[in-house]
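Please read the structure below before turning to the comments.
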Amino acid sequence: MTAQSTLPANAPAFCAGMFHFGESWPNFAEYGRSAAIAAGHKAVPHPAAKEAVYQTLLMADALRYCTLQICAAKSSGHPGGFASSVEAYAALVMLGHTNIVTEVGHHAPGFYSAMFLDSSLEDMGIRDMNDMMARFRERHGLLGHLSGAIPGLLAPAGPLGQGQHFAMAGALLHPGTLFPVTIGDGGFGEPYVLSAMKHFHFAYPQVTNYLPVLVWNGFSQEHHSMVSLMTNDEMIAYWRAHDFDEVILVDARDFDDAGQEGAYVDSARFSFGQRLAFMEAVLTGVARAAEHALSGRHSAFILKQLKGAGVHVSGAKSHNLYPKDTPESPEIKTALEQRALSPEAWALVRENFARAGGGPAAKTAVTEQVLDIARLDDFPMQDFNVGEQAVPATAMGALVAWLGQQDPRFVVTNADGNEASAMKNINDALKIRHPTVDPLYNQQPGGQVYEPLNEDACAGLAAGLALFGSRSLWLSYESFAINGWPIMQTVAQAMAELRRKTPSTVCMFTAGALEQGRNGWTHQRPEIENYFAAQMRNGNVFLLYPTDANAIQAAYEYAVNSVNKSMVIVASKSPLPVRLTMAQARAAVRKGAALLHDTGAGQRGTVTLAVTGDMVLLPVFAARDVLETEGYRVRIVSVINPRQLYRPADVAAHTVSEADTGFMGDADFHALFAGDWLLGISGGTSGALEPVLLRSRATQRDVLAWLRGETTATPGELMAFNGITAETIVGKIHGFDAG
């Protein structure tokens, strides 16, 4: 950054640091004499009014200018995609619809510019353009991709194909408020964008108050978008095939008077009169789409305009900047000069932005306040007797059913079916949300169980609801969870940064690998446990392995009562022995682990078996019987909440909001995991055992864990294939002893 500027005497203070100022536009005295959004109002009263159109175009160029300057200041960032969307974004703002989300992380500098122009960023000390440039793409500033922690922004964006979930969650929680979501055609091929919305349409036909805005600019990051050859009619038909009643498309080419070639054109190259005509079409089109969406019609708005419109270069070449792209580069400097506004125009833009929607987004966005949710009384726990057989999944299902009856906004999502996971009690109580009424299948239109056959849609709605302040639960087979996990990971990181409390995301992955023998390796993919285990170091991610039906109830209670965290429960759907009382289970979930068995004495040394999981305890206890007869002292420790077994310095807990620093102290840890030899055992992957292996003082340590899937008739046969048997455990201990 080398360009310098002098602030004109009549320029607003927030303009300090702007490199260029322009002359007033034609007719500014007539159409810019006062803000189109009047004092005390939230939107322009008449979208077709000349002053409204004029000032919306001013806002669009203001967004282009700010976006390009902050990117150029760091020779980094992505201005091109947002630049082609600014007319639509400005139209939404001028119409008072400021609860805007996006699926395009590369639009971050544009969204930050909007928050700068409405003064929201002042809440984080960004008051002028100098601050804006200094803090852009810096650790304690404006991240390279959208973060929901930035004042006024509702949700994160980075991985494509996620934004529609946040818009739908917001619409579900806030009837009467419009939630626009911008979607780029470059990422349009990401899985499930339109199919997720289509299922939501069927499940919640009355919820239409979200508005997809397709930014159809013809290009992706480094090439043409895959939908660039579609005709306008084909694109409209594509959306209508996904149940959108109203699809309004505005094509910049229809207004071109600059002789541009190709299907996609740059409106910034039009004559001034045609720029205003194009802006009027966008503003009135967005107004119609929003009106339809708020009155019960599924609506979409499509803006077709060349990527990079109005900035330094067009097409995919405008996507991001490189070290050569500085404020003094000829293309950058020329573009900034062309987009530069007069000081009076900047003041007008700020005034409209600050009034739109009722005030700066940092004060008015729905996510800037904690959402009121139903109060929960004590969980109605069923205290199973130690020694009896009980199904963990079913025990948790009873609590889920109870919670849904206390909280009408609570939603359970599941792509694989609750009955298949031994959780039919959820469907019996809460009903599957479905347009076809059928008591046999627990289906009714008002149900609280959302069941698209799509893990991304399940995870997306559950994650969006939690981020926006409501309780939810995502249920899945562990084998398929990877298809929906990316948005859970995104939201977990967003929650780590939030400036407010929100319910944690809660997931329960059942039908673990050991229960899926007959289905073969396609249903035996516990490797995702290592993904979860790695995230435990993030600071707010918890991987829970309840021991039994009592422990899973304690784990669910613990997860639901937590805030700003990602809680993952992994458990079985088969009848298994109860090994902990409810009191013991509740304590162990919070502490991290529980001692299930201790022989008390042994002539040949002490063996500690540290175990994650429930079904895998069957061969562990069988091995105990053998080892005890051979004279060993055997201690079996159930590792239930391994995140709490890390040392405080191992986890970034001090960096997250609503931090949990209840790590197990050294004295308790070494007393619990005492022994001459330590063997970690998991029916899944080994990652969750890392904290135990890191801290153990045992002279020898080893691990038995999942290897790979195979088709087998019983869980025991599958465990044997993976070397998780009583014989293998005993052999490991003999090897320790001999060594």
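In terms of the working numbering, the sequence shown opens at residue 94 and continues consecutively. Every residue gets a Cβ at the ideal spot worked out from N, C-alpha and C, and that includes glycine.
Any non-hydrogen atom of the ligand MG closer than 7 Å to residue i Cβ
i: Q255; result: Judged by which ligands are present, the structure shown has none, so any question about the ligand MG falls away.
Beta carbon of residue i nearer than 8 Å to that of residue j
i: Q536; j: K524; result: yes
i: L673; j: N643; result: yes
i: V343; j: A374; result: yes
i: G802; j: Q617; result: yes
i: N131; j: L376; result: A small correction: the amino acid at residue 131 is Ala; Asn does not occupy that position in the sequence shown. Cβ distance not < 8 Å, so A131 and L376 don't count as in contact.
i: R502; j: L266; result: yes
i: A589; j: L560; result: no
i: L464; j: A382; result: no
i: P453; j: G245; result: yes
i: K167; j: R220; result: no
i: G610; j: A752; result: no
i: L738; j: G780; result: no
i: E430; j: H113; result: yes
i: G724; j: G695; result: yes
i: R443; j: P105; result: yes
i: L307; j: I395; result: yes
i: A184; j: R592; result: no
i: P784; j: P741; result: no
i: A201; j: P420; result: no
i: F602; j: V663; result: yes
i: W770; j: T792; result: yes
i: Y182; j: L156; result: yes
i: E650; j: F472; result: yes
Integer Cβ distance of residue i from residue j, believed to fall under 8 Å
i: G110; j: M222; result: 3 Å
i: H412; j: Q314; result: 5 Å
i: L811; j: T805; result: 4 Å
i: M328; j: W309; result: 7 Å
i: C600; j: V661; result: 5 Å
i: N511; j: L554; result: Between L554 and N511 the Cβ distance is about 16 Å, and since that is not below 8 Å, they are no contact.
i: N657; j: S572; result: 28 Å between Cβ atoms; not a contact.
i: T149; j: M319; result: The Cβ separation is near 31 Å, so there is no contact.
i: S177; j: K400; result: 5 Å
i: S206; j: T160; result: 5 Å
i: E622; j: T748; result: In fact, because the Cβ distance is near 24 Å, the residues do not count as touching under 8 Å.
i: V727; j: V700; result: 5 Å
i: A652; j: S597; result: 6 Å
i: A522; j: G497; result: 7 Å
i: Y285; j: G254; result: 6 Å
i: I580; j: A552; result: 5 Å
i: K397; j: A345; result: 6 Å
Close-in-space but distant-in-sequence residues of the same chain around residue i (CB under 8 Å, 5 per side omitted)
i: H292; result: P545, N547, A550
i: G256; result: V194, T195, E196, V197, A248, A250, V274, T275, I276
i: M708; result: G605, L607, E608, S665, S667, L669, G776, P808
i: S435; result: F114, G115, E116, S117, W118, F121
i: N103; result: P436, E437
i: T529; result: Q536
i: L387; result: G269, L271, T301, N302
6 Å CB neighbourhood of residue i in its chain, flanking five on each side removed
i: K825; result: L772, D795
i: T487; result: A515
i: M675; result: M474, D476, N643
i: T835; result: Residue coverage of the chain in this structure runs from 94 to 832, which leaves residue 835 outside it and unanswerable.
i: I575; result: I621
i: A361; result: A402, G403
i: A467; result: Q499, D500
i: Q628; result: V634
Spatial neighbours of residue i in its chain, beta-carbon cut-off 7 Å, leaving aside the 5 residues before and after
i: F365; result: P119
i: E294; result: Reading off the sequence, residue 294 comes out as His, not Glu. Closer than 7 Å at the Cβ level, and outside the excluded window around H294, lie D336, H391.
i: I519; result: G490, V493, A494, V505, N511, V542
i: G480; result: P670, V671
i: A380; result: P140, L188
CB contact check: residue i to chain C, cutoff 8 Å
i: V146; result: No chain C appears in this structure, which consists of one protein chain only.
Runs of alpha helix (DSSP H) wholly within the region 647-720 (minimum 4 residues, chain order): 675-684
Going along the chain, which unbroken runs of the beta strand (DSSP E) with 3 or more residues stay wholly within the region 388-432? 392-397
Within the region 467-514, ranges of the alpha helix (DSSP H) (whole runs, at least 4 residues): 485-499
Only counting runs of 4 or more residues, tell me where the alpha helix (DSSP H) segments fall wholly within the region 280-319, in order along the chain. 286-296
Three or more C-beta pairs closer than 8 Å, one from the region 621-641 and one from the region 729-743: is that the case here? yes
Considering only residues of the region 320-366, which uninterrupted alpha helix (DSSP H) runs meet the minimum length of 4 residues and lie entirely inside it, listed in chain order? 325-333
Does the structure place the region 101-117 close enough to the region 392-406 that three or more beta carbon pairs sit under 8 Å? no
Would the region 122-139 count as touching the region 440-449 if we require 3 or more Cβ pairs under 8 Å? yes
Can you list the alpha helix (DSSP H) stretches of 4 or more residues lying completely in the region 549-605, in chain order? 578-590
In chain order, each alpha helix (DSSP H) run of at least 4 residues that lies wholly inside the region 722-767: 759-765
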